[in-house]
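Colleague: Protein chains in written order, with the working numbering: chain A, 9 to 326; chain B, 354 to 893.
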């Protein structure tokens, strides 16, 4: 297995390289550049050219890319053009902010969806199944940013129970998840993030459990006189590898793809940072964030594969 | 079975730890809860900016950056007089107490500097610090030279040839060309502490950790991308402008709905530009909505060197096609109809030709110009600083123009891309017009740089390469006229001529609504892009 893991890790290098090239090229194709946001409203094209030269943006693209890559290889993600601060620190800080709520959301979704999925499969075609299926379909189909806005209107504006925006009353640097005054800022983002994976995972679990319950060995178990509880445990063990794969995938999506939810709640994570970087064409920040996210995504997938092969003896890695 | 000693010890210690933690948390909660409320009054502002503007003395993100991270921490030689809501803001002495042009040499300005002013770090403001500040942007050999600041602030000193020290509190600024309007440029050029930069080893990233100006607020801390916190400078040189709050917290919130929700849920006290559809809800919740006219022109810049807008009749037809009241109604009154680039309270407004809504006249002009249907391609942005609500507004403009015989192709792009189109000038693209809101805050930006031939790109901002020899002549005369009354007369004439030429498509002026919590009092909204937050009192 270690050999397998090592081989997978080596294979991530060309994947990441490909990601950086694609993202670099995409940013260049889009019109506009990072300099324009820095200029005064009365600046001339000459002022823009001067500033562009100061940042090395007048160099050929290949040169810019190679210079950047050279720095990345020694662990330097460069300086953000928008605020002149090191990209690495900003991305790391944002990544942690995203990671924590993504983990909470995905674990929440996992637990609830397992319960819902099993219940729905057992009550197939009955009221409980219909209600759960409705919730799951709602979770899959509702755009999370819309849900975010609705949550804000309901819980922040009308009921004043939860804060509408931001991460803590004095910013993310002094945020403490164990402190209620801070944690309440995270509740609505977590709910908005958790609903889509909850929907998807409920549907998957329901289908998987229903399939298992129809298999011959379940009949055998029941014929042997096992209690329904014990049967469920058997069924769950059978769907676990699939559920873990789903969990990993959803965690990856949440880490990389929560731009809309983070923007609605002004939650200073990677999605929020990515959105800023795109709008201001802050190439170093954009590149750095995408690189970190891509690495995280690849590593999560790797971890899921490894966990799967340990919990499911049927999966053999060569 | 009895508990072993080890087990009971473990339990006691766990209980002890738990109680200590609980006590500590309670104490902390009490401390956090009580600390700020009693000791400090805090004004929390939701900006429309997508990020925290640069606060090192060269703001980015348009004039909102100047408003919140410029004139708060820093002063310029001249400042904008933001004390009144009734007239367009003009300039007033700042770090200089007076300025005059040398009677012998109209390219030499004498600035008397304010005495007894210190930067926040205790460093004295004098002629040496002023000269260092010019070198910061003008002299690549200076130790404080900052290429980033050159890009951002270079435009204001582009006409400066050199700066001489006359004595500790007097400097002479030599300009390359005579410019009677030079003092306006000096109202935009911030003076930062040379000592603070030197103390940071001329490293501006280190300086950004302890930036220092002479302004009414001092830098306290920043959480990147999230918040900038400033505190009152109780030793500010102008006692009338010492802030009435202790702390000013600036939060970037580009989403209008987020800003409104933050105000309604009590997370902020002062919100920039609430969207018109949220205003009734904000009012119902007791918020104060303030708005005044200010020089914020929401217009179409027209490309004047190629058909169809090289024909004055087509430009006039577009202007007659505008039912501006419809636009104002759609925006629920957060804008006023624009008859020209400037607003009525600016001294150079004059008596312009009026292009009141007249679709028949518009059709006749297009027919006469043989441009029917008259196809135009317009670059617009999907959002952006000062662009108001570009999508529905541009749809309405298109509908009105098409009603008289234009055929309008709107090409949406994001704000950054449109800034690029603007900077490059019309000749570098195939747009006949762009919807690019402008800030005609003074005659330099509102008249000269917009309409004089010399200011076509790449020199500056006459995007459409508009040209009229009469305007060029009046402009040259105005720049050489140092008598304010006579100069204003020339500038007025120049502006009237630009309107007669239908030099752009006049649509509306933004009224810049702001929503304030009922806890605030004392705010006077100036007719300006910049605002003075110092008089605001935050009531508990």
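A virtual CB, placed ideally from N, CA and C, is assigned to each residue, including glycine. Computed from a predicted structure; not experimentally measured.
Apart from the five residues on each side of it in sequence, which residues of its chain come closer than 6 Å, Cβ to Cβ, to residue 386 of chain B?
Modeller: The residue labelled residue 386 of chain B in the question sits at position 33 within the second chain. Since pLDDT at residue 386 of chain B reaches only 41, below the 50 mark, its modelled position is unreliable, and the value read off the structure follows with that caveat. Result list for residue 386 of chain B: empty, nothing under 6 Å.
Colleague: Under 6 Å Cβ to Cβ from residue 550 of chain B, same chain only, skipping five residues before and after it: list those, please.
Modeller: By 1-based counting over the second chain, the position of residue 550 of chain B is 197. Excluding positions up to five away in sequence, the list reads 497, 560.
Colleague: Kindly say whether residue 34 of chain A, judged by its beta-carbon, lies nearer than 8 Å to any beta-carbon of chain B.
Modeller: Start at 1 with the first residue of the first chain, and residue 34 of chain A comes out as number 26. No, its Cβ sits nowhere closer than 8 Å to a Cβ of chain B.
Colleague: At the 8 Å Cβ level, is residue 606 of chain B part of the contact set with chain A, yes or no?
Modeller: Looking up residue 606 of chain B in the second chain gives position 253. With 8 Å as the cut-off, residue 606 of chain B counts as an interface residue toward chain A.
Colleague: Does the structure place the segment 768–781 of chain B close enough to the segment 812–826 of chain B that three or more beta carbon pairs sit under 8 Å?
Modeller: Yes, the segment 812–826 of chain B touches the segment 768–781 of chain B.
Colleague: Label residue 878 of chain B either buried or exposed according to how many other C-beta atoms from any shown protein chain fall within 10 Å of its C-beta, with 16 as the threshold for buried.
Modeller: Taking the second chain and counting its residues from 1, the one referred to as residue 878 of chain B is at position 525. Buried, because 16 or more other Cβ atoms sit within 10 Å of the Cβ of residue 878 of chain B.
Colleague: Indicate whether at least one CB of chain A lies closer than 8 Å to the CB of residue 891 of chain B.
Modeller: Here residue 891 of chain B is taken as the residue at index 538 of the second chain, counted from 1. Judged by the 8 Å Cβ criterion, residue 891 of chain B is not in contact with chain A.
Colleague: Tell whether a beta-carbon distance below 8 Å holds between residue 127 of chain A and residue 140 of chain A.
Modeller: What you label residue 127 of chain A is simply residue 119 of the first chain in a count that begins at 1. What you label residue 140 of chain A is simply residue 132 of the first chain in a count that begins at 1. Yes, they are a contact pair.
Colleague: By DSSP, does residue 1 of chain A sit in helix, in strand, or in coil?
Modeller: The displayed coordinates of chain A run from 9 to 326. Any statement about residue 1 of chain A would go beyond what the structure contains.
Colleague: Since residue 58 of chain A meets chain B, which of its residues come closer than 9 Å, beta carbon to beta carbon?
Modeller: As a working note, residue 58 of chain A is residue 50 in the first chain. Within 9 Å Cβ-Cβ: 500, 503, 504, 507.
Colleague: Using the three-state DSSP reduction, which class does residue 768 of chain B fall into: helix, strand or coil?
Modeller: Stepping through the second chain from its first residue, residue 768 of chain B is reached at position 415. DSSP places residue 768 of chain B in helix when its eight states are reduced to three.
Colleague: Ends of the beta strand (DSSP E) at residue 284 of chain A?
Modeller: As a position in the first chain, residue 284 of chain A is number 276, starting the count at 1. Premise fails: residue 284 of chain A lies in the alpha helix (DSSP H), 278–287, not in any beta strand (DSSP E).
Colleague: Is the Cβ of residue 274 of chain A closer than 8 Å to any Cβ of chain B?
Modeller: Within the first chain, the letter at position 266 stands for residue 274 of chain A. It does: the Cβ of residue 274 of chain A has a partner Cβ on chain B nearer than 8 Å.
Colleague: How many angstroms separate the CA atom of residue 721 of chain B from the CA atom of residue 664 of chain B?
Modeller: Mapped onto the second chain, residue 721 of chain B falls at position 368. Mapped onto the second chain, residue 664 of chain B falls at position 311. Cα to Cα, the separation comes out at about 11 Å.
Colleague: Output needed for residue 600 of chain B: all residues of its chain with C-beta closer than 8 Å, excluding positions within five of it in sequence on either side, in chain order.
Modeller: Here residue 600 of chain B refers to the residue found at position 247 of the second chain. The residues are 393, 394, 395, 396, 573, 582, 583, 584, 585.
Colleague: Under 8 Å between C-beta atoms, does residue 149 of chain A make it to chain B?
Modeller: Stepping through the first chain from its first residue, residue 149 of chain A is reached at position 141. No, its Cβ sits nowhere closer than 8 Å to a Cβ of chain B.
Colleague: Identify the contact partners of residue 580 of chain B in chain A, using a Cβ-Cβ distance below 7 Å as the criterion.
Modeller: In the second chain, the residue the question calls residue 580 of chain B occupies position 227. Per Cβ cutoff of 7 Å: 179.
Colleague: What do you reckon, are the CB atoms on residue 491 of chain B and residue 510 of chain B nearer than 8 Å?
Modeller: Counting from 1 along the second chain, the entry for residue 491 of chain B is found at position 138. Counting from 1 along the second chain, the entry for residue 510 of chain B is found at position 157. A contact, by the Cβ cut-off of 8 Å.
Colleague: Among residues of its own chain, excluding the 5 on either side of residue 286 of chain A, which ones have a beta-carbon nearer than 7 Å to its beta-carbon?
Modeller: As a position in the first chain, residue 286 of chain A is number 278, starting the count at 1. The answer, listed in chain order, is 294.
Colleague: Please classify residue 685 of chain B: is it buried, with 16 or more other beta-carbons within 10 angstroms of its beta-carbon, or exposed?
Modeller: Along the second chain, read from residue 1 onward, the residue named residue 685 of chain B stands at position 332. That one is exposed.
Colleague: Relative to the alpha-carbon of residue 702 of chain B, which residue among B:694, B:534, B:708 has its alpha-carbon at the smallest distance?
Modeller: As a working note, residue 702 of chain B is residue 349 in the second chain. Out of B:694, B:534, B:708, B:694 has the C-alpha closest to the C-alpha of residue 702 of chain B.
Colleague: Give me the residue from B:788, B:465, B:801 with the minimum Cα distance to residue 849 of chain B.
Modeller: By one-based count along the second chain, residue 849 of chain B stands at place 496. Here the closest residue by C-alpha is B:801.
Colleague: If I measure Cβ to Cβ from residue 889 of chain B and keep anything under 7 Å in the same chain, skipping five residues before and after, which residues do I get?
Modeller: Sequence index remark: in the second chain, residue 889 of chain B carries index 536 (1-based). 396, 597, 598, 873, 875, 876.
Colleague: So who's on the other strand from residue 428 of chain B, going by DSSP bridges?
Modeller: For the purposes of this step, residue 428 of chain B is taken as residue 75 along the second chain, with counting starting at 1. The partner list for residue 428 of chain B (beta bridge, DSSP) reads B:544.
Colleague: For residue 750 of chain B and residue 666 of chain B, I'd like the C-alpha separation in whole angstroms.
Modeller: Here residue 750 of chain B is taken as the residue at index 397 of the second chain, counted from 1. Here residue 666 of chain B is taken as the residue at index 313 of the second chain, counted from 1. Roughly 18 Å separates the two Cα atoms.
Colleague: If you run the structure through DSSP and keep just helix, strand and coil, what is residue 536 of chain B?
Modeller: By one-based count along the second chain, residue 536 of chain B stands at place 183. Residue 536 of chain B falls in the helix class under three-state DSSP.
Colleague: Where does residue 653 of chain B fall in DSSP's three states?
Modeller: Locating residue 653 of chain B in the second chain gives position 300, where the first residue counts as 1. Strand.
Colleague: Starting from the C-beta of residue 708 of chain B, find all residues in its chain whose C-beta is less than 6 Å away, skip the five residues before and the five after it, and write them out in chain order.
Modeller: On the second chain, position 355 is the one that residue 708 of chain B refers to. The answer, listed in chain order, is 672, 673.
Colleague: Helix, strand or coil for residue 901 of chain B? Go by DSSP, reduced to three states.
Modeller: Only positions 354 to 893 of chain B appear in this structure, which leaves residue 901 of chain B out of reach.
Colleague: Got a sec: is the Cβ-Cβ distance from residue 788 of chain B to anything in chain A below 8 Å?
Modeller: Looking up residue 788 of chain B in the second chain gives position 435. No, residue 788 of chain B does not count as interfacial toward chain A.
Colleague: Do residue 631 of chain B and residue 657 of chain B have their C-beta atoms closer together than 8 Å?
Modeller: Position 278 of the second chain holds residue 631 of chain B. Position 304 of the second chain holds residue 657 of chain B. No. Outside cutoff.
Colleague: Straight-line CA distance for residue 199 of chain A to residue 161 of chain A?
Modeller: Position 191 of the first chain holds residue 199 of chain A. Position 153 of the first chain holds residue 161 of chain A. About 14 Å.
Colleague: The beta strand (DSSP E) spanning residue 524 of chain B covers which residue range?
Modeller: The sequence position of residue 524 of chain B within the second chain is 171, counting from 1. Note, residue 524 of chain B: beta strand (DSSP E), 523–528.
Colleague: What does residue 171 of chain A touch in chain B if you count any residue whose Cβ is under 7 Å from its own?
Modeller: If you number the first chain from 1, residue 171 of chain A lands on position 163. Per Cβ cutoff of 7 Å: 618, 620.
Colleague: When the Cα atoms are used, what is the spatial distance from residue 734 of chain B to residue 860 of chain B?
Modeller: Taking the second chain and counting its residues from 1, one reaches residue 734 of chain B at position 381. Taking the second chain and counting its residues from 1, one reaches residue 860 of chain B at position 507. Answer to the nearest angstrom: the Cα atoms are 16 Å apart.
Colleague: Return no unless some Cβ of chain A is closer than 8 Å to the Cβ of residue 642 of chain B.
Modeller: Residue 642 of chain B sits at position 289 when you count from the first residue of the second chain. No, no contact with chain A.
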